[in-house]
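Each protein sequence line maps, in turn, to chains A and R. My numbering applies: residue 1 is where the first sequence begins, and numbers increase by one. My numbering applies: residue 1 is where the second sequence begins, and numbers increase by one. Glycine is no exception: its CB is placed at the ideal position from the N, C-alpha and C atoms. On a predicted model such as this, the values are computed, not experimentally measured, just so you know.
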Amino acid sequence: MPKITINSKEYEFENGMTVMQACEQAGTEIPRFCYHEKLSIAGNCRMCLVEMEKAPKPIASCAMPAADGMVIKTNTETVKKARKGVMEFLLINHPLDCPICDQGGECDLQDQAMYYGFDKTRYEENKRAVQNKNMGPLVKTIMTRCIHCTRCVRFSTEVAGVDDIGLLGRGENAEITTYLEKTIESELSGNVIDLCPVGALTSKPYAFKSRPWELTKTETFDVFDGIGSSIRIDTRGKKVLRALPRINEETNEEWISDKSRFAVDGLSSQRLDSVYSKSNQKLQKSSWDDAFKLIKNEITKRGKENTVFLSGKFTDVETLYSSQKFSHSLKSKNYDCRFDNAQIIENSSSSYKFNSTIQEIENADAILLIGSNPRWEAAVLNARIRKAYIENNCKIGLIGPKLDLTYSYQHLSESLDYLNKLSNNEVDFNKVLKSAKNPLIILGTSAINHHHGKLILETVGLIAKNIQKNKNINPLNILNQDISRVGALDLKFYNKSFDVDYNAQLKKHIDKTKPVVFLMGLDEVNFSTLENAFVVYLGHHGDISASIADIILPTPAYTEKSSTYMNIEGRVIQTTKCHNPLGEARDEWKIFRVLSELFERDLNFNNLSELRSELTSNFTQFALLNEVISNNEITFAKKSKIENIKIKYNIENFYMNDSISRSSETMAKCTRDILNKVA
Amino acid sequence: MHHPGTNNKVYKKINENFEWSSENFKKISEIIKKYPSNRIQSAVIPLLDLAQRQNNGWLSKNSMEKVAETLSMSYIRVLEVATFYSMFNLEPIGKNFVQICRTTPCWLRGSDKLSKVAQEVCKTNIGGTSNDEKFTVVEVECLGACCNAPMVQINDDYFEDLDEESFKKLLQDLKDNKSIKVGSQIGRRSSQPERKFDA
Numbered sequence: 001m002p003k004i005t006i007n008s009k010e011y012e013f014e015n016g017m018t019v020m021q022a023c024e025q026a027g028t029e030i031p032r033f034c035y036h037e038k039l040s041i042a043g044n045c046r047m048c049l050v051e052m053e054k055a056p057k058p059i060a061s062c063a064m065p066a067a068d069g070m071v072i073k074t075n076t077e078t079v080k081k082a083r084k085g086v087m088e089f090l091l092i093n094h095p096l097d098c099p100i101c102d103q104g105g106e107c108d109l110q111d112q113a114m115y116y117g118f119d120k121t122r123y124e125e126n127k128r129a130v131q132n133k134n135m136g137p138l139v140k141t142i143m144t145r146c147i148h149c150t151r152c153v154r155f156s157t158e159v160a161g162v163d164d165i166g167l168l169g170r171g172e173n174a175e176i177t178t179y180l181e182k183t184i185e186s187e188l189s190g191n192v193i194d195l196c197p198v199g200a201l202t203s204k205p206y207a208f209k210s211r212p213w214e215l216t217k218t219e220t221f222d223v224f225d226g227i228g229s230s231i232r233i234d235t236r237g238k239k240v241l242r243a244l245p246r247i248n249e250e251t252n253e254e255w256i257s258d259k260s261r262f263a264v265d266g267l268s269s270q271r272l273d274s275v276y277s278k279s280n281q282k283l284q285k286s287s288w289d290d291a292f293k294l295i296k297n298e299i300t301k302r303g304k305e306n307t308v309f310l311s312g313k314f315t316d317v318e319t320l321y322s323s324q325k326f327s328h329s330l331k332s333k334n335y336d337c338r339f340d341n342a343q344i345i346e347n348s349s350s351s352y353k354f355n356s357t358i359q360e361i362e363n364a365d366a367i368l369l370i371g372s373n374p375r376w377e378a379a380v381l382n383a384r385i386r387k388a389y390i391e392n393n394c395k396i397g398l399i400g401p402k403l404d405l406t407y408s409y410q411h412l413s414e415s416l417d418y419l420n421k422l423s424n425n426e427v428d429f430n431k432v433l434k435s436a437k438n439p440l441i442i443l444g445t446s447a448i449n450h451h452h453g454k455l456i457l458e459t460v461g462l463i464a465k466n467i468q469k470n471k472n473i474n475p476l477n478i479l480n481q482d483i484s485r486v487g488a489l490d491l492k493f494y495n496k497s498f499d500v501d502y503n504a505q506l507k508k509h510i511d512k513t514k515p516v517v518f519l520m521g522l523d524e525v526n527f528s529t530l531e532n533a534f535v536v537y538l539g540h541h542g543d544i545s546a547s548i549a550d551i552i553l554p555t556p557a558y559t560e561k562s563s564t565y566m567n568i569e570g571r572v573i574q575t576t577k578c579h580n581p582l583g584e585a586r587d588e589w590k591i592f593r594v595l596s597e598l599f600e601r602d603l604n605f606n607n608l609s610e611l612r613s614e615l616t617s618n619f620t621q622f623a624l625l626n627e628v629i630s631n632n633e634i635t636f637a638k639k640s641k642i643e644n645i646k647i648k649y650n651i652e653n654f655y656m657n658d659s660i661s662r663s664s665e666t667m668a669k670c671t672r673d674i675l676n677k678v679a
Numbered sequence: 001m002h003h004p005g006t007n008n009k010v011y012k013k014i015n016e017n018f019e020w021s022s023e024n025f026k027k028i029s030e031i032i033k034k035y036p037s038n039r040i041q042s043a044v045i046p047l048l049d050l051a052q053r054q055n056n057g058w059l060s061k062n063s064m065e066k067v068a069e070t071l072s073m074s075y076i077r078v079l080e081v082a083t084f085y086s087m088f089n090l091e092p093i094g095k096n097f098v099q100i101c102r103t104t105p106c107w108l109r110g111s112d113k114l115s116k117v118a119q120e121v122c123k124t125n126i127g128g129t130s131n132d133e134k135f136t137v138v139e140v141e142c143l144g145a146c147c148n149a150p151m152v153q154i155n156d157d158y159f160e161d162l163d164e165e166s167f168k169k170l171l172q173d174l175k176d177n178k179s180i181k182v183g184s185q186i187g188r189r190s191s192q193p194e195r196k197f198d199a
């Protein structure tokens, strides 16, 4: 390995590293503004100057490739003077408005000015002032503060894949703006706020809300899509003020989608905070005791074995497990999680998981998307596909209606019968998949949510099996949209009789037996299906289902309890409780625990850890946190003839498609300004 | 100092439309041929120049968008280039674009006086356009004809070895649509010595 001398000590480094990376690895911190690991190198802030032997003047370490035998000094007078000089230049035009700046307390410029800056200015001329720009409902701009690092420009061009932000003019007239001040049209636009090293781009919904040191910071996981991104929730008292990404190379890298970041304001509106029950066609406040009594009477009256349990988008594994156990104790097997009617192959976990793992997308050189809009279904995952597209020149094919995915792709067909041709090796894209080293297939739920779903899974399974190159990588990936789904399917929280057509089969059962139906945060349901049922709604938002419920039991939202989820890959994640639940809300598993006392007394766990140890002893896959147990076998590959079925993507509005984001004011603004643009 | 080329704003005329003229359309395909087929964006500067010439010396919103569409670039990338170079004017200019060099050699040889003359004759401020839209007068940095200082550039032509009188006449002739003399106003060829050497 080549060697580099940093501050008269020798270190080894890998070929292709820059001087800055080598220094970083050696534990020498180098100040920087424009350099960012995930972005291309710009080298325009000059803050990272270091001294190199034989160089006449300091060099920008972020842009200088490390070479064998280099001698670097980072702690000399020259370096100190150079950095001080750069800092002085940066501060010439930077306003002294830290006391009213939202970045204050977490500002790179503020921190580094403390280390490297002068304590007074030598500059007597007027500071430059720049007009603020409109960038839409999420990003607030105070452009006078901008130091032109161009991180936001590089992010939007390279990672987000929307050429919206740019640097106009030059020299003193340089300004960052969007084209004609239009809104940034990306699902990842919020990340420019984190990237901005100063207070030029800040969060609009969070503006003037709080100071970083007043906040309680809790490291947890996101639930708004199937990825389960690592996030940090900042709270003050019982109010969630913001969500920020944490670095997790295996799932979200450093980014989160705008929904994950900004929908948290929905957590403080439209909340259900007490028990309601219906009398005289009107929901009225009630008490837990009365509600439990009423539920008991109804279950007994309508038949224990008919009781139905339906899970929703945010239903955690604890809830699923306890409700399933409660259901078994009632001798009922009427539970299901497949509200979007996505089909699976029974007893085969590879038929509903993202088998190759998310990180593997980076190595892919051919991707076939079937009935999936990853940009909306998992925005962070789409950024990975774009990365593969840029770095590996990955060839991408799409079966489904045309859309803007931020990268170019070959549009194969709108209809699923194209799979026949693919399985028969009849089309050009077969060659692309065959010749690729790491081909992947991403199958969206929009392609399997109908009566042919199983056939499609089998056929795609066959195609995947034919192109599998590496025994350890299963190229078949199913992209589920909800964090609850894979966990529920792993618990076998489904009933065969609701296969093929969830709503119709459910309606048949409900109309026949008129049972009690537990909706566990499920809002994606047909009202007509539930006409004859006694509906118990467990949820945190007064959303769609709350209006048809006979009893409403308030439960905590994802920031208010510790819960286990399984993400699309089968990675088990455990969220942390950030603050206490609102009002009378109770964890779902406690509700089922109490209910079981009124019946067979089969639920014996008294606290969360007892529940979890029982869960992990029955379902060992939930014992290992933050790991993926890969399933590389496709057991269901089969050739079948597929009819001409047109795909229709099942997300209509990225910003508002669950109970929390539907209650969010910010998401409503995004819908208005980005999706339903008024010209 | 105002200069229509150092503007960061996009100027839009109502009902203004921009389509390549058939002549320029032919030129474009020739320009694009000079670059590798996967790097045709490199042609953005020649194309912006072509658009500016077709659009009376300045780039409107639609003309820049046309360039972007021609090269399949995003609008902001084209605007970045157009705002970076001062040779691209982002607001309407007069028929004669008078650029007075004010860098040291020209300044020592009296560019200040030329500037004054221009403002008087053209009846406009530095950076402004006259009411009859015949002149836009700007001061610029070195145009590279220092040995024949002081000099000005009007549209595509250089006018060198000027003094107050000859410049006044030059502008007046332009105003009256009379023919004018391009190059050195005292009759020397390129930068040969001003006086003949005694042999």
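Could you work out which residues of chain A lie near R:Tyr75, taking near to mean beta carbons separated by less than 7 Å? By one-based count along the second sequence, residue 75 of chain R stands at place 75. Neighbours of R:Tyr75 on chain A, chain order: Tyr179.
Going along the chain, which residues of its own chain have a beta-carbon closer than 6 Å to the beta-carbon of A:Ser664, five neighbours each way excluded? On the first sequence, residue 664 of chain A is found 664 positions in, with the first residue counted as 1. Correct list, in chain order: Ala263, Asp265 and Gly266.
Minimum length 4: unbroken alpha helix (DSSP H) runs contained in the region 353 to 418 of chain A: 374 to 377 and 379 to 391
Could you tell me which whole beta strand (DSSP E) segments of length 3 or greater appear in the region 111 to 180 of chain R? 135 to 140, 152 to 154 and 157 to 160
Using DSSP bridges, identify the partner residues of A:Tyr276. Within the first sequence, residue 276 of chain A is the residue found at index 276, counting from 1. A:Tyr276 pairs with A:Lys285 and A:Ile552.
Could one say the Cβ of R:Thr129 lies closer than 7 Å to chain A's Cβ atoms, at least one of them? Taking the first residue of the second sequence as 1, we reach residue 129 of chain R at position 129. Closer than 7 Å: no.
Is there a Cβ of chain A sitting closer than 7 Å to that of R:Leu47, yes or no? In the second sequence, residue 47 of chain R corresponds to position 47, counting from 1. Judged by the 7 Å Cβ criterion, R:Leu47 is not in contact with chain A.
Can you pull out the residues from the region 1 to 24 of chain R whose beta carbon lies closer than 7 Å to at least one beta carbon of chain A? Thr6, Asn8 and Val10
I need the DSSP call for A:Ser327, collapsed to helix, strand or coil. Position 327 of the first sequence, counted from the first residue, corresponds to residue 327 of chain A. The answer is helix: DSSP assigns A:Ser327 an H, G or I state.
The alpha helix (DSSP H) spanning R:Ser86 covers which residue range? As a working note, residue 86 of chain R is residue 86 in the second sequence. From DSSP, R:Ser86 is part of no alpha helix (DSSP H); its letter is neither H nor E.
When DSSP labels each residue in this structure, what does A:Ala243 get in the three-state scheme? By 1-based counting over the first sequence, the position of residue 243 of chain A is 243. Strand at A:Ala243.
Who are the neighbours of A:Glu175 on chain R, taking C-beta pairs under 9 Å? Within the first sequence, the letter at position 175 stands for residue 175 of chain A. Ordered by position in chain R, the residues that pass the 9 Å Cβ test against A:Glu175 are Asn8 and Thr83.
How big is the Cα-Cα spacing for A:Glu125 and A:Phe89? In the first sequence, residue 125 of chain A corresponds to position 125, counting from 1. In the first sequence, residue 89 of chain A corresponds to position 89, counting from 1. Going by the C-alpha atoms only, they are around 13 Å apart.
DSSP state of A:Arg151 mapped onto helix, strand, coil: Counting from one through the first sequence, the residue named residue 151 of chain A turns up at place 151. Helix, per DSSP.
Going by other Cβ atoms of all chains shown within 10 Å of its Cβ, with 16 needed for buried, is A:Ser186 buried or exposed? Start at 1 with the first residue of the first sequence, and residue 186 of chain A comes out as number 186. A:Ser186 is buried by the Cβ-count criterion.
Drop a sphere of 10 angstroms on the beta-carbon of A:Glu569, count the other beta-carbons inside from all chains shown, and report buried for 16 or more, exposed for fewer. Residue numbering aside, residue 569 of chain A sits at position 569 when the first sequence is read from its first letter. The residue in question, A:Glu569, is buried, as its Cβ has 16 or more Cβ neighbours within 10 Å.
Just the Cα atoms here: how many angstroms apart are A:Gly199 and A:Asn480? Looking up residue 199 of chain A in the first sequence gives position 199. Looking up residue 480 of chain A in the first sequence gives position 480. Looking at the two C-alpha atoms, the distance is approximately 37 Å.
Should A:Ser661 be labelled buried (16 or more other beta-carbon atoms within 10 Å of its own) or exposed? The residue you call residue 661 of chain A lines up with position 661 of the first sequence. Under this definition A:Ser661 is a buried residue.
Own chain partners of A:Thr406 with C-beta closer than 6 Å, once the 5 adjacent residues on each side are dropped: On the first sequence, position 406 is the one that residue 406 of chain A refers to. Counting only Cβ-Cβ distances below 6 Å, and skipping sequence neighbours, we find Gly161 and Arg386.
Would a C-beta distance cut-off of 7 Å place A:Leu595 and A:Leu320 closer than the cut-off? Looking up residue 595 of chain A in the first sequence gives position 595. Looking up residue 320 of chain A in the first sequence gives position 320. No, they are not a contact pair.
Strictly below 8 Å CB to CB, what residues from chain A border R:Leu170? Here residue 170 of chain R is taken as the residue at index 170 of the second sequence, counted from 1. The premise fails here: R:Leu170 is roughly 31 Å from chain A at the closest Cβ pair, so nothing lies under 8 Å.
Same chain, Cβ closer than 6 Å to A:Gly453, five either side skipped, listed in chain order: Counting from 1 along the first sequence, the entry for residue 453 of chain A is found at position 453. Closer than 6 Å at Cβ, skipping near neighbours: Gln343.
Do A:Leu201 and A:Thr141 have their C-beta atoms closer together than 7 Å? Here residue 201 of chain A corresponds to residue number 201 of the first sequence, with the count starting at 1. Here residue 141 of chain A corresponds to residue number 141 of the first sequence, with the count starting at 1. Yes, these two residues count as a Cβ contact at 7 Å.
Please name the residues in the region 143 to 159 of chain A whose beta-carbon is closer than 8 Å to at least one beta-carbon of chain R, in chain order. none
Any beta-carbon of chain R closer than 7 Å to the one on A:Asp163? Counting from one through the first sequence, the residue named residue 163 of chain A turns up at place 163. Taking Cβ atoms only, chain R reaches closer than 7 Å to A:Asp163, which makes this a yes.
Using a beta-carbon distance below 7 Å, is A:Gly171 in contact with chain R? For the purposes of this step, residue 171 of chain A is identified with residue 171 of the first sequence, where counting begins at 1. Chain R, which has no Cβ nearer than 7 Å to the Cβ of A:Gly171, makes this no.
Would you call the region 434 to 452 of chain A in contact with the region 354 to 366 of chain A, where contact means no fewer than 3 C-beta pairs closer than 8 Å? yes
What is the residue span of the alpha helix (DSSP H) that A:Leu167 lies within? Taking the first sequence and counting its residues from 1, the one referred to as residue 167 of chain A is at position 167. No alpha helix (DSSP H) holds A:Leu167; the beta strand (DSSP E) holding it covers Ile165 to Leu168.
Beta-carbon neighbours of R:Leu79, restricted to chain A and to distances below 7 Å: Walking along the second sequence from the start, residue 79 of chain R turns up at place 79. Those within 7 Å of R:Leu79 in chain A are Gly166, Leu168 and Tyr179.
Simplified DSSP assignment, three categories, for A:Ala174: By 1-based counting over the first sequence, the position of residue 174 of chain A is 174. Coil.
What did DSSP end up calling A:Ala546 once you bin it into helix, strand or coil? Working through the first sequence from its first residue, we reach residue 546 of chain A at position 546. A:Ala546 falls in the helix class under three-state DSSP.
Okay, do the region 170 to 180 of chain A and the region 127 to 147 of chain A touch, 3+ Cβ pairs below 8 Å being the bar? yes
Let me know the secondary structure DSSP gives A:Asp428 once reduced to three states. Taking the first residue of the first sequence as position 1, residue 428 of chain A is located at position 428. Note: A:Asp428 maps to helix in three-state DSSP.
Name the residue from A:Phe208, A:Ile345 and A:Met20 whose alpha carbon lies nearest to the alpha carbon of A:Met70. Taking the first sequence and counting its residues from 1, one reaches residue 70 of chain A at position 70. Of A:Phe208, A:Ile345 and A:Met20, the residue nearest in Cα terms is A:Met20.
On the DSSP letters alone, give me the boundaries of the beta strand (DSSP E) that A:Gln505 sits inside. Taking the first sequence and counting its residues from 1, one reaches residue 505 of chain A at position 505. Counting along the chain, A:Gln505 falls outside any beta strand (DSSP E), though it belongs to the alpha helix (DSSP H) covering Tyr502 to Thr513.
Which of helix, strand or coil DSSP assigns to R:Met279: Residue 279 of chain R lies beyond the stretch modelled for chain R, which goes from 1 to 199, so this question has no answer here.
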